[in-house]
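A.B. asks:
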Amino acid sequence: MATSNQITFKYKFPETYNPVYINGAHGGINVQGEIIANFYMERTPLPNKVTNNLNTDGSLSDVVSILPEDTSHSYVRYVQTGVVMNLVTAKQLRDWLNKQIEILEGGNK
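Here it is as structure tokens:
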């Protein structure tokens, strides 16, 4: 039970809450001076179309064509979500992330 010099936060989230994996972020500062971070998952692209030759027994043989052709030389950054935060919140997030990193690195068990 919280005392007069404490505060308790209750967390509520929809049943559809589903954390997503990210491996990068892109963003910057908006005109209101807030930080925008758009989170993405980076992967190689999947082709839209692949054409193979067939062997006489009906099994797949060599690839004849892949569309688009540049799938082996490009990446897709699938933007899954983004956040907008003020400077105070950004610093709090930075400090929280630093603490989690320290724990993972074994510095504060």
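If you're matching positions, the sequence shown starts at 11 in our numbering and goes up one per residue.
For each residue, glycine too, the CB sits at the ideal point set by N, CA and C.
What does a CB cutoff of less than 8 Å around ASN65 pick up in its chain, not counting 5 residues either side in sequence?
C.D. replies: Here residue 65 refers to the residue found at position 55 when the sequence shown is read from its first residue. Taken in chain order, the residues that qualify are SER71.
A.B. asks: Have a look at GLY43 and ALA100 and give me their C-alpha separation to the nearest angstrom.
C.D. replies: Locating residue 43 in the sequence shown gives position 33, counting from the first residue. Locating residue 100 in the sequence shown gives position 90, counting from the first residue. GLY43 and ALA100: Cα-Cα distance of roughly 12 Å.
A.B. asks: So, with DSSP's three-state summary, where would you put LEU56?
C.D. replies: Counting from one through the sequence shown, the residue named residue 56 turns up at place 46. The answer is coil: DSSP assigns LEU56 none of H, G, I, E or B.
A.B. asks: Please report the straight-line C-alpha distance between LEU77 and ASN28, rounded to a whole angstrom.
C.D. replies: Taking the first residue of the sequence shown as 1, we reach residue 77 at position 67. Taking the first residue of the sequence shown as 1, we reach residue 28 at position 18. C-alpha separation (whole angstroms): 33 Å.
A.B. asks: Buried or exposed for PHE23, going by 16 or more other Cβ atoms inside 10 Å?
C.D. replies: As a first step, residue 23 must be located in the sequence shown, where it is residue number 13. Burial call: exposed.
A.B. asks: TYR122 to THR91, Cα distance in whole Å?
C.D. replies: Since the first residue shown for the chain is 11 and the last is 119, residue 122 is missing from the structure and cannot be characterised.
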